[in-house]
(Lines of atoms letter the chains of each structure in order from A and count residues from 1; the text may use other names and numbers.)
(Lines give C-alpha, C1' and ligand atoms only; values in the text may rest on other atoms or scores of the structure.)
Protein backbone atom coordinates (compact mmCIF):
# COMPACT_ATOMS: atom_id res chain seq x y z
CA UNK A 1 0.00 0.00 0.00
CA UNK A 2 2.86 2.34 0.84
CA UNK A 3 4.61 1.60 -2.44
CA UNK A 4 1.35 2.25 -4.32
CA UNK A 5 0.86 5.57 -2.57
CA UNK A 6 4.45 6.59 -3.20
CA UNK A 7 4.25 5.50 -6.82
CA UNK A 8 1.32 7.87 -7.37
CA UNK A 9 3.58 10.73 -6.26
CA UNK A 10 6.69 9.50 -8.04
CA UNK A 11 8.34 8.62 -4.70
CA UNK A 12 10.19 5.35 -4.09
CA UNK A 13 11.55 3.65 -1.01
CA UNK A 14 15.28 4.17 -1.51
CA UNK A 15 17.75 1.32 -1.07
CA UNK A 16 21.06 2.12 0.70
CA UNK A 17 22.99 1.15 -2.44
CA UNK A 18 21.02 3.67 -4.51
CA UNK A 19 21.72 6.40 -1.97
CA UNK A 20 25.44 5.56 -1.89
CA UNK A 21 25.75 5.54 -5.66
CA UNK A 22 23.88 8.84 -5.89
CA UNK A 23 26.30 10.50 -3.46
CA UNK A 24 29.32 8.95 -5.18
CA UNK A 25 28.27 10.39 -8.52
CA UNK A 26 28.24 13.84 -6.90
CA UNK A 27 24.63 14.62 -7.80
CA UNK A 28 23.54 17.98 -6.41
CA UNK A 29 20.01 19.20 -5.97
CA UNK A 30 18.46 20.91 -8.97
CA UNK A 31 14.82 21.98 -9.35
CA UNK A 32 12.89 19.01 -10.66
CA UNK A 33 15.34 16.52 -9.09
CA UNK A 34 14.73 14.15 -6.22
CA UNK A 35 15.71 14.09 -2.56
CA UNK A 36 16.36 11.31 -0.05
CA UNK A 37 14.29 12.00 3.07
CA UNK A 38 12.91 10.34 6.18
CA UNK A 39 10.25 11.47 8.67
CA UNK A 40 10.86 12.21 12.36
CA UNK A 41 8.65 13.33 15.21
CA UNK A 42 9.44 16.55 17.10
CA UNK A 43 10.89 14.31 19.85
CA UNK A 44 13.38 12.80 17.38
CA UNK A 45 11.72 9.38 16.86
CA UNK A 46 12.15 8.11 13.31
CA UNK A 47 9.08 7.06 11.31
CA UNK A 48 9.28 4.67 8.35
CA UNK A 49 12.08 4.05 5.83
CA UNK A 50 14.13 6.48 3.78
CA UNK A 51 12.21 7.71 0.76
CA UNK A 52 13.33 9.01 -2.61
CA UNK A 53 10.85 11.86 -3.21
CA UNK A 54 10.64 14.57 -5.88
CA UNK A 55 11.87 18.00 -4.82
CA UNK A 56 8.50 19.43 -5.90
CA UNK A 57 6.62 17.35 -3.32
CA UNK A 58 4.01 19.58 -1.64
CA UNK A 59 2.88 19.51 2.00
CA UNK A 60 -0.41 17.86 0.94
CA UNK A 61 1.54 15.06 -0.75
CA UNK A 62 3.80 14.66 2.29
CA UNK A 63 0.66 14.33 4.41
CA UNK A 64 -0.61 11.54 2.14
CA UNK A 65 2.67 9.62 2.44
CA UNK A 66 2.88 10.08 6.22
CA UNK A 67 -0.72 9.04 6.84
CA UNK A 68 0.00 5.87 4.86
CA UNK A 69 3.17 5.22 6.86
CA UNK A 70 1.34 5.67 10.17
CA UNK A 71 -1.67 3.62 8.94
CA UNK A 72 -4.07 6.37 10.04
CA UNK A 73 -7.66 5.34 9.38
CA UNK A 74 -8.70 8.99 9.21
CA UNK A 75 -6.46 11.53 7.52
CA UNK A 76 -4.62 13.68 10.07
CA UNK A 77 -3.25 17.11 9.01
CA UNK A 78 0.46 17.75 9.66
CA UNK A 79 2.92 20.57 9.21
CA UNK A 80 6.46 19.73 8.07
CA UNK A 81 9.86 21.28 8.84
CA UNK A 82 13.32 20.86 7.32
CA UNK A 83 15.75 22.22 9.89
CA UNK A 84 13.85 25.23 11.20
CA UNK A 85 12.25 26.01 7.83
CA UNK A 86 8.57 25.12 7.41
CA UNK A 87 7.60 23.36 4.18
CA UNK A 88 5.01 25.76 2.76
CA UNK A 89 5.21 25.24 -1.02
CA UNK A 90 7.61 22.40 -1.93
CA UNK A 91 10.14 20.25 -0.13
CA UNK A 92 12.97 21.61 -2.29
CA UNK A 93 11.95 25.18 -1.52
CA UNK A 94 12.39 24.57 2.22
CA UNK A 95 15.95 23.25 1.98
CA UNK A 96 17.55 26.45 3.25
CA UNK A 97 21.00 25.63 4.62
CA UNK A 98 20.34 21.87 4.54
CA UNK A 99 22.37 19.82 2.08
CA UNK A 100 20.51 18.03 -0.71
CA UNK A 101 23.33 15.46 -0.86
CA UNK A 102 22.52 14.09 2.58
CA UNK A 103 19.42 12.38 3.86
CA UNK A 104 16.89 15.09 4.74
CA UNK A 105 15.26 14.91 8.16
CA UNK A 106 11.64 16.01 7.72
CA UNK A 107 10.09 16.74 11.13
CA UNK A 108 6.31 16.46 11.28
CA UNK A 109 3.96 18.08 13.81
CA UNK A 110 0.23 17.22 14.03
CA UNK A 111 -2.09 20.15 13.40
CA UNK A 112 -5.49 20.70 14.97
CA UNK A 113 -8.12 18.45 13.39
CA UNK A 114 -10.59 21.34 13.50
CA UNK A 115 -10.20 24.66 11.73
CA UNK A 116 -11.07 28.04 13.22
CA UNK A 117 -12.32 30.69 10.83
CA UNK A 118 -11.32 34.31 11.33
CA UNK A 119 -13.84 36.54 13.08
CA UNK A 120 -15.04 39.27 10.73
CA UNK A 121 -17.87 41.22 12.37
CA UNK A 122 -19.03 42.59 15.69
CA UNK A 123 -22.22 40.78 16.74
CA UNK A 124 -22.72 42.53 20.09
CA UNK A 125 -21.59 45.68 21.85
CA UNK A 126 -22.39 45.15 25.52
CA UNK A 127 -22.47 48.06 27.91
CA UNK A 128 -22.67 47.72 31.69
CA UNK A 129 -19.27 48.59 33.09
CA UNK A 130 -18.98 52.22 34.14
CA UNK A 131 -15.17 52.29 33.88
CA UNK A 132 -12.53 50.79 31.61
CA UNK A 133 -12.52 46.98 31.13
CA UNK A 134 -9.10 45.82 32.30
CA UNK A 135 -9.34 42.04 31.88
CA UNK A 136 -11.51 39.48 30.10
CA UNK A 137 -11.44 35.70 30.06
CA UNK A 138 -13.58 32.89 28.63
CA UNK A 139 -14.35 29.89 30.82
CA UNK A 140 -12.74 26.55 29.92
CA UNK A 141 -15.89 25.35 28.12
CA UNK A 142 -16.30 28.70 26.32
CA UNK A 143 -19.86 29.27 27.55
CA UNK A 144 -19.30 32.13 30.02
CA UNK A 145 -17.13 35.24 29.78
CA UNK A 146 -15.83 37.15 32.80
CA UNK A 147 -14.67 40.77 32.70
CA UNK A 148 -12.96 42.85 35.39
CA UNK A 149 -13.20 46.62 35.40
CA UNK A 150 -12.16 49.84 37.03
CA UNK A 151 -15.73 50.18 38.38
CA UNK A 152 -14.81 47.65 41.16
CA UNK A 153 -17.08 44.97 39.60
CA UNK A 154 -16.68 41.63 37.85
CA UNK A 155 -19.35 40.86 35.28
CA UNK A 156 -20.36 37.50 33.85
CA UNK A 157 -21.76 37.31 30.31
CA UNK A 158 -23.65 34.47 28.66
CA UNK A 159 -21.62 33.73 25.54
CA UNK A 160 -24.34 31.84 23.64
CA UNK A 161 -26.94 34.62 23.91
CA UNK A 162 -24.37 37.44 24.27
CA UNK A 163 -26.27 38.96 27.19
CA UNK A 164 -25.35 39.98 30.78
CA UNK A 165 -25.61 37.16 33.30
CA UNK A 166 -24.48 38.52 36.66
CA UNK A 167 -22.65 41.41 38.35
CA UNK A 168 -20.21 40.32 41.06
CA UNK A 169 -19.44 42.86 43.79
CA UNK A 170 -16.77 42.27 46.42
CA UNK A 171 -13.93 44.66 45.61
CA UNK A 172 -13.42 48.23 46.82
CA UNK A 173 -11.07 49.28 44.00
CA UNK A 174 -10.17 48.36 40.41
CA UNK A 175 -10.45 44.67 39.48
CA UNK A 176 -7.09 44.02 37.86
CA UNK A 177 -7.30 40.30 36.99
CA UNK A 178 -9.79 37.45 36.65
CA UNK A 179 -8.96 33.74 36.31
CA UNK A 180 -11.17 30.70 35.72
CA UNK A 181 -10.61 27.37 37.42
CA UNK A 182 -9.83 24.64 34.85
CA UNK A 183 -13.11 22.87 35.68
CA UNK A 184 -15.00 26.02 34.65
CA UNK A 185 -17.12 26.12 37.82
CA UNK A 186 -15.21 28.73 39.81
CA UNK A 187 -13.82 32.19 39.18
CA UNK A 188 -11.19 34.15 41.09
CA UNK A 189 -10.74 37.92 40.90
CA UNK A 190 -7.96 40.12 42.25
CA UNK A 191 -8.13 43.84 42.85
CA UNK A 192 -6.18 46.97 43.59
CA UNK A 193 -7.57 46.74 47.14
CA UNK A 194 -5.41 43.65 47.82
CA UNK A 195 -8.48 41.42 47.98
CA UNK A 196 -8.95 38.02 46.38
CA UNK A 197 -12.57 36.98 45.74
CA UNK A 198 -13.76 33.46 44.88
CA UNK A 199 -17.06 32.92 43.07
CA UNK A 200 -19.23 29.98 42.05
CA UNK A 201 -20.61 30.42 38.54
CA UNK A 202 -23.75 28.44 39.47
CA UNK A 203 -24.57 30.85 42.35
CA UNK A 204 -22.84 34.15 41.59
CA UNK A 205 -25.00 36.43 43.78
CA UNK A 206 -22.50 36.31 46.65
CA UNK A 207 -18.80 35.41 46.72
CA UNK A 208 -17.79 32.06 48.21
CA UNK A 209 -14.85 33.73 49.92
CA UNK A 210 -13.43 37.24 50.14
CA UNK A 211 -9.81 37.09 51.29
CA UNK A 212 -7.70 40.01 52.43
CA UNK A 213 -4.85 38.47 50.50
CA UNK A 214 -2.12 41.10 50.22
CA UNK A 215 -0.99 44.44 51.62
CA UNK A 216 -0.86 45.92 48.11
CA UNK A 217 -2.76 45.22 44.94
CA UNK A 218 -3.09 41.79 43.29
CA UNK A 219 -1.43 41.71 39.88
CA UNK A 220 -2.03 38.13 38.77
CA UNK A 221 -3.84 34.89 39.66
CA UNK A 222 -3.05 31.32 38.57
CA UNK A 223 -4.92 28.06 39.25
CA UNK A 224 -3.28 24.70 39.88
CA UNK A 225 -3.73 22.47 36.78
CA UNK A 226 -6.77 20.18 36.68
CA UNK A 227 -4.85 16.92 36.20
CA UNK A 228 -2.49 17.44 39.16
CA UNK A 229 -4.85 17.28 42.15
CA UNK A 230 -8.53 16.61 42.94
CA UNK A 231 -9.15 20.07 44.44
CA UNK A 232 -6.93 22.63 42.75
CA UNK A 233 -5.44 25.48 44.77
CA UNK A 234 -4.79 28.94 43.42
CA UNK A 235 -1.93 31.39 43.70
CA UNK A 236 -1.97 35.18 43.79
CA UNK A 237 0.90 37.56 43.02
CA UNK A 238 1.07 41.06 44.41
CA UNK A 239 2.81 44.40 44.28
CA UNK A 240 3.96 43.67 47.85
CA UNK A 241 6.55 41.23 46.40
CA UNK A 242 4.94 37.99 47.62
CA UNK A 243 3.09 35.06 46.05
CA UNK A 244 0.50 33.37 48.25
CA UNK A 245 -1.18 29.98 47.82
CA UNK A 246 -4.83 29.48 48.79
CA UNK A 247 -7.16 26.55 49.39
CA UNK A 248 -10.18 26.92 47.16
CA UNK A 249 -12.69 25.30 49.57
CA UNK A 250 -11.72 26.96 52.84
CA UNK A 251 -10.05 30.12 51.60
CA UNK A 252 -7.15 29.50 53.97
CA UNK A 253 -3.56 30.30 53.10
CA UNK A 254 -1.59 27.24 51.96
CA UNK A 255 1.78 28.98 51.95
CA UNK A 256 3.68 32.14 51.06
CA UNK A 257 6.48 32.30 48.50
CA UNK A 258 8.98 35.00 49.40
CA UNK A 259 12.07 35.88 47.42
CA UNK A 260 11.25 38.72 45.06
CA UNK A 261 12.43 42.15 46.14
CA UNK A 262 9.89 44.14 44.11
CA UNK A 263 6.37 43.89 42.69
CA UNK A 264 5.46 40.46 41.24
CA UNK A 265 3.87 41.37 37.90
CA UNK A 266 3.00 37.99 36.33
CA UNK A 267 2.37 34.40 37.39
CA UNK A 268 1.93 30.97 35.75
CA UNK A 269 1.32 27.50 37.23
CA UNK A 270 2.85 24.81 35.03
CA UNK A 271 1.56 21.30 34.38
CA UNK A 272 4.57 19.69 36.05
CA UNK A 273 3.74 21.42 39.34
CA UNK A 274 6.18 24.32 38.94
CA UNK A 275 5.10 27.91 39.62
CA UNK A 276 6.73 30.66 37.55
CA UNK A 277 6.75 34.30 38.70
CA UNK A 278 8.10 37.41 36.97
CA UNK A 279 8.91 40.56 38.88
CA UNK A 280 10.02 44.17 38.67
CA UNK A 281 13.23 43.01 40.36
CA UNK A 282 14.22 41.82 36.81
CA UNK A 283 14.15 38.10 37.67
CA UNK A 284 11.92 35.13 36.92
CA UNK A 285 11.71 32.63 39.78
CA UNK A 286 10.72 28.96 39.61
CA UNK A 287 9.02 27.39 42.65
CA UNK A 288 8.20 23.77 43.53
CA UNK A 289 6.56 22.48 46.71
CA UNK A 290 6.58 26.02 48.15
CA UNK A 291 10.35 26.29 47.76
CA UNK A 292 12.48 28.32 45.38
CA UNK A 293 14.25 25.94 42.99
CA UNK A 294 15.68 28.28 40.36
CA UNK A 295 16.18 32.00 39.66
CA UNK A 296 16.29 32.93 35.97
CA UNK A 297 18.37 36.06 35.43
CA UNK A 298 19.11 37.99 32.27
CA UNK A 299 16.60 40.80 31.88
CA UNK A 300 17.90 44.33 32.41
CA UNK A 301 14.55 45.83 33.41
CA UNK A 302 11.10 44.90 34.76
CA UNK A 303 9.62 41.56 33.69
CA UNK A 304 6.14 42.38 32.37
CA UNK A 305 4.70 39.11 31.08
CA UNK A 306 5.12 35.33 31.10
CA UNK A 307 3.77 32.52 28.95
CA UNK A 308 4.23 28.74 29.09
CA UNK A 309 4.02 26.44 26.07
CA UNK A 310 1.30 24.28 27.68
CA UNK A 311 -0.91 27.23 28.62
CA UNK A 312 -3.78 26.47 26.25
CA UNK A 313 -3.95 22.78 27.20
CA UNK A 314 -3.95 23.64 30.92
CA UNK A 315 -6.59 26.30 30.44
CA UNK A 316 -8.99 23.83 28.79
CA UNK A 317 -8.69 21.33 31.64
CA UNK A 318 -11.06 18.40 30.97
CA UNK A 319 -12.79 20.04 27.97
CA UNK A 320 -12.10 19.23 24.32
CA UNK A 321 -12.21 21.77 21.49
CA UNK A 322 -16.02 21.57 21.39
CA UNK A 323 -16.31 22.48 25.09
CA UNK A 324 -17.39 18.95 26.09
CA UNK A 325 -15.98 17.11 29.12
CA UNK A 326 -16.51 13.47 30.21
CA UNK A 327 -19.00 12.95 33.03
CA UNK A 328 -16.66 10.53 34.79
CA UNK A 329 -14.14 12.39 36.96
CA UNK A 330 -11.32 9.89 36.36
CA UNK A 331 -11.83 10.00 32.58
CA UNK A 332 -11.87 13.80 32.65
CA UNK A 333 -8.60 13.88 34.60
CA UNK A 334 -7.00 11.35 32.27
CA UNK A 335 -8.07 13.41 29.26
CA UNK A 336 -6.58 16.57 30.77
CA UNK A 337 -3.32 14.75 31.54
CA UNK A 338 -3.15 13.38 27.99
CA UNK A 339 -3.70 16.84 26.45
CA UNK A 340 -1.01 18.28 28.70
CA UNK A 341 1.46 15.53 27.76
CA UNK A 342 0.84 16.16 24.04
CA UNK A 343 1.31 19.92 24.46
CA UNK A 344 4.36 19.55 26.68
CA UNK A 345 6.52 17.60 24.23
CA UNK A 346 10.13 17.14 25.39
CA UNK A 347 9.91 19.95 27.97
CA UNK A 348 7.64 22.76 29.12
CA UNK A 349 8.99 26.03 27.72
CA UNK A 350 8.70 29.48 29.33
CA UNK A 351 8.89 32.91 27.70
CA UNK A 352 9.33 36.23 29.49
CA UNK A 353 8.93 39.75 28.09
CA UNK A 354 10.47 42.83 29.62
CA UNK A 355 10.84 46.61 29.65
CA UNK A 356 14.37 46.04 28.29
CA UNK A 357 12.78 45.42 24.80
CA UNK A 358 13.74 41.71 24.82
CA UNK A 359 12.05 38.32 25.17
CA UNK A 360 13.86 35.43 26.84
CA UNK A 361 13.07 31.80 26.10
CA UNK A 362 13.71 29.30 28.93
CA UNK A 363 13.54 25.58 29.64
CA UNK A 364 13.13 26.13 33.39
CA UNK A 365 12.80 22.52 34.49
CA UNK A 366 16.35 21.70 33.40
CA UNK A 367 18.44 24.88 33.34
CA UNK A 368 18.67 28.44 34.59
CA UNK A 369 20.42 29.52 31.39
CA UNK A 370 18.16 30.91 28.66
CA UNK A 371 17.55 28.88 25.51
CA UNK A 372 17.58 32.11 23.51
CA UNK A 373 17.50 35.89 23.87
CA UNK A 374 15.02 37.30 21.35
CA UNK A 375 15.78 40.83 20.20
CA UNK A 376 14.18 43.08 17.62
CA UNK A 377 11.52 45.09 19.43
CA UNK A 378 12.43 48.74 19.90
CA UNK A 379 10.12 49.43 22.84
CA UNK A 380 9.00 47.47 25.89
CA UNK A 381 7.43 44.04 25.42
CA UNK A 382 3.99 43.88 27.01
CA UNK A 383 2.65 40.52 25.81
CA UNK A 384 4.06 37.07 25.01
CA UNK A 385 1.92 34.09 24.04
CA UNK A 386 2.68 30.53 22.90
CA UNK A 387 0.46 29.00 20.23
CA UNK A 388 -1.77 26.11 21.40
CA UNK A 389 0.29 23.57 19.42
CA UNK A 390 3.50 24.82 21.10
CA UNK A 391 5.25 25.57 17.80
CA UNK A 392 5.14 29.37 17.79
CA UNK A 393 5.72 32.25 20.17
CA UNK A 394 4.20 35.67 19.54
CA UNK A 395 5.37 38.85 21.25
CA UNK A 396 3.61 42.22 21.26
CA UNK A 397 5.31 45.51 22.02
CA UNK A 398 4.69 49.18 22.59
CA UNK A 399 6.48 49.72 19.25
CA UNK A 400 3.22 48.61 17.57
CA UNK A 401 4.63 45.40 16.08
CA UNK A 402 4.07 41.71 16.74
CA UNK A 403 6.95 39.29 16.23
CA UNK A 404 6.72 35.57 15.58
CA UNK A 405 9.41 33.17 16.79
CA UNK A 406 10.01 29.40 16.65
CA UNK A 407 8.93 28.27 20.11
CA UNK A 408 11.62 25.64 20.68
CA UNK A 409 14.65 27.50 19.34
CA UNK A 410 13.69 31.18 19.46
CA UNK A 411 14.50 31.67 15.77
CA UNK A 412 12.89 34.84 14.37
CA UNK A 413 10.20 34.08 11.76
CA UNK A 414 8.26 37.24 10.88
CA UNK A 415 7.14 40.70 11.95
CA UNK A 416 3.43 41.55 11.76
CA UNK A 417 2.95 45.27 11.20
CA UNK A 418 -0.35 47.09 11.03
CA UNK A 419 -1.07 48.60 14.43
CA UNK A 420 -0.23 52.30 14.79
CA UNK A 421 -0.22 52.18 18.60
CA UNK A 422 1.12 49.98 21.38
CA UNK A 423 0.05 46.30 21.30
CA UNK A 424 -1.48 45.45 24.68
CA UNK A 425 -2.64 41.84 24.42
CA UNK A 426 -2.50 38.76 22.17
CA UNK A 427 -4.76 35.70 21.85
CA UNK A 428 -4.34 32.62 19.63
CA UNK A 429 -7.16 30.66 18.01
CA UNK A 430 -7.46 27.07 19.22
CA UNK A 431 -6.05 25.64 15.98
CA UNK A 432 -2.89 27.85 16.09
CA UNK A 433 -3.61 29.23 12.61
CA UNK A 434 -4.81 32.71 13.63
CA UNK A 435 -3.69 35.37 16.12
CA UNK A 436 -5.76 38.26 17.52
CA UNK A 437 -4.24 41.45 18.93
CA UNK A 438 -5.63 44.43 20.82
CA UNK A 439 -3.99 47.83 20.67
CA UNK A 440 -3.84 51.39 21.86
CA UNK A 441 -4.97 52.39 18.34
CA UNK A 442 -8.54 51.21 19.28
CA UNK A 443 -8.58 48.26 16.85
CA UNK A 444 -8.54 44.49 17.13
CA UNK A 445 -6.63 42.78 14.33
CA UNK A 446 -6.60 39.13 13.24
CA UNK A 447 -3.43 37.79 11.64
CA UNK A 448 -3.00 34.62 9.57
CA UNK A 449 0.01 32.49 10.45
CA UNK A 450 0.29 30.84 7.01
CA UNK A 451 0.69 34.08 5.07
CA UNK A 452 2.19 36.10 7.98
CA UNK A 453 -0.21 38.91 7.01
CA UNK A 454 -3.25 40.76 8.29
CA UNK A 455 -6.40 38.69 7.83
CA UNK A 456 -9.06 40.97 9.34
CA UNK A 457 -9.03 44.53 10.68
CA UNK A 458 -11.76 45.04 13.28
CA UNK A 459 -12.40 48.69 14.15
CA UNK A 460 -15.28 49.65 16.40
CA UNK A 461 -13.89 50.53 19.82
CA UNK A 462 -13.87 54.23 20.62
CA UNK A 463 -10.64 54.08 22.62
CA UNK A 464 -7.73 51.85 23.61
CA UNK A 465 -8.31 48.05 23.65
CA UNK A 466 -6.87 46.64 26.88
CA UNK A 467 -8.04 43.01 26.79
CA UNK A 468 -8.57 40.41 24.06
CA UNK A 469 -9.49 36.75 24.43
CA UNK A 470 -10.35 34.02 21.91
CA UNK A 471 -12.85 31.42 23.10
CA UNK A 472 -11.43 27.89 23.39
CA UNK A 473 -13.95 26.59 20.82
CA UNK A 474 -12.76 29.24 18.33
CA UNK A 475 -16.23 30.70 17.72
CA UNK A 476 -15.77 34.16 19.27
CA UNK A 477 -13.29 36.85 20.18
CA UNK A 478 -14.09 39.19 23.07
CA UNK A 479 -12.46 42.59 23.48
CA UNK A 480 -12.78 45.36 26.03
CA UNK A 481 -11.01 48.58 26.87
CA UNK A 482 -11.09 52.21 27.79
CA UNK A 483 -14.46 52.89 26.09
CA UNK A 484 -16.13 50.67 28.77
CA UNK A 485 -17.82 48.48 26.14
CA UNK A 486 -17.40 44.75 25.67
CA UNK A 487 -17.48 43.65 22.05
CA UNK A 488 -18.14 40.14 20.75
CA UNK A 489 -16.73 39.26 17.34
CA UNK A 490 -17.79 36.32 15.21
CA UNK A 491 -17.18 35.06 11.70
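In our numbering, the protein residues as written are 117 to 607.
Idealized CB from N, CA, C, for every residue including glycine.
Looking only at C-alpha atoms, which of the options sits nearest to residue i?
i           : options            : result
residue 501 : 457, 546, 482, 536 : 546
residue 586 : 561, 600, 577      : 561
residue 80  : 218, 355, 356, 351 : What the structure shows of the chain is the stretch from 117 to 607, and residue 80 is not part of that stretch, so it cannot be assessed.
residue 288 : 591, 260, 295, 327 : 327
residue 568 : 285, 245, 548, 191 : 548
residue 266 : 291, 281, 316      : 291
residue 301 : 493, 441, 245, 437 : 441
residue 514 : 471, 520, 491      : 471
residue 595 : 425, 452, 369, 241 : 241
residue 90  : 575, 349, 565      : This structure leaves residue 90 out entirely; the chain is present only between 117 and 607.
residue 80  : 247, 190, 179, 221 : This structure does not reach residue 80, given that the chain is present from 117 up to 607, and the question cannot be answered.
residue 401 : 551, 597, 353, 370 : 353
residue 258 : 600, 601, 592      : 592
residue 394 : 370, 459, 246, 337 : 337
residue 341 : 227, 178, 208, 434 : 434
residue 304 : 448, 277, 349      : 349
residue 404 : 425, 439, 361      : 361
Just how far apart, CA to CA, sit residue i and residue j?
i           : j           : result
residue 182 : residue 430 : 29 Å
residue 160 : residue 153 : 14 Å
residue 527 : residue 542 : 19 Å
residue 375 : residue 509 : 28 Å
residue 201 : residue 507 : 12 Å
residue 605 : residue 555 : 16 Å
residue 582 : residue 389 : 30 Å
residue 399 : residue 498 : 16 Å
residue 204 : residue 194 : 12 Å
residue 418 : residue 469 : 9 Å
residue 456 : residue 482 : 18 Å
residue 312 : residue 223 : 45 Å
residue 382 : residue 187 : 44 Å
residue 512 : residue 584 : 13 Å
residue 67  : residue 262 : This structure cannot settle anything about residue 67, because the visible part of the chain is limited to 117 through 607.
residue 588 : residue 479 : 26 Å
residue 252 : residue 572 : 21 Å
residue 563 : residue 532 : 8 Å
residue 454 : residue 387 : 11 Å
residue 491 : residue 475 : 7 Å
residue 355 : residue 330 : 8 Å
residue 344 : residue 427 : 14 Å
residue 296 : residue 274 : 15 Å
residue 444 : residue 347 : 16 Å
residue 199 : residue 176 : 19 Å
residue 410 : residue 172 : 48 Å
residue 256 : residue 219 : 44 Å
residue 132 : residue 189 : Low confidence applies to residue 132: its pLDDT is 38, below 50, so where it sits in the model is not reliable, and the reading given next is rough at best. For residue 132 and residue 189, the distance between alpha carbons rounds to 30 Å.
residue 580 : residue 598 : 5 Å
residue 260 : residue 163 : 42 Å
residue 413 : residue 489 : 12 Å
residue 420 : residue 335 : 11 Å
residue 249 : residue 553 : 16 Å
residue 129 : residue 149 : Because residue 129 sits at a pLDDT of 48, beneath the cut-off of 50, its placement in the model cannot be relied upon, and the point is left open.
residue 590 : residue 307 : 29 Å
In the DSSP assignment, the alpha helix (DSSP H) including residue i goes from what residue to what residue?
i           : result
residue 451 : 445–460
At what residues does the beta strand (DSSP E) containing residue i begin and finish?
i           : result
residue 170 : 162–170
residue 428 : Counting along the chain, residue 428 falls outside any beta strand (DSSP E), though it belongs to the alpha helix (DSSP H) covering 427–432.
residue 176 : First-last for residue 176: 175–185, but that is the alpha helix (DSSP H), not the beta strand (DSSP E).
residue 513 : 508–513
residue 325 : 325–328
residue 254 : 249–254
residue 266 : Note, residue 266: premise wrong, no beta strand (DSSP E); not H, not E.
residue 299 : Residue 299 -> no beta strand (DSSP E), and no H or E assigned at all.
residue 156 : 150–156
residue 601 : Careful: residue 601 lies outside any beta strand (DSSP E) and carries neither H nor E.
residue 312 : 311–316
residue 360 : 358–362
residue 469 : 466–470
residue 353 : 350–354
residue 593 : 593–597
residue 585 : 581–586
Could you tell me which residues DSSP pairs with residue i in its beta bridges?
i           : result
residue 573 : 561
residue 274 : 260, 279
residue 197 : 202, 223
residue 608 : Examination of residue 608 is not possible in this model, given that the chain is present from 117 through 607 alone.
residue 333 : Per DSSP, none; premise fails for residue 333.
residue 237 : 606
residue 476 : 468, 489
residue 339 : 350
Beta strand (DSSP E) runs contained entirely in the segment 375–424, provided each spans 3 or more residues: If we require 3 residues or more, the beta strand (DSSP E) runs fully inside the segment 375–424 come out as 380–385, 391–395, 399–404, 407–413, 419–424.
Segments of 3+ residues assigned as beta strand (DSSP E) that fall wholly inside the segment 515–564: 517–522, 528–533, 539–544, 550–555, 560–564
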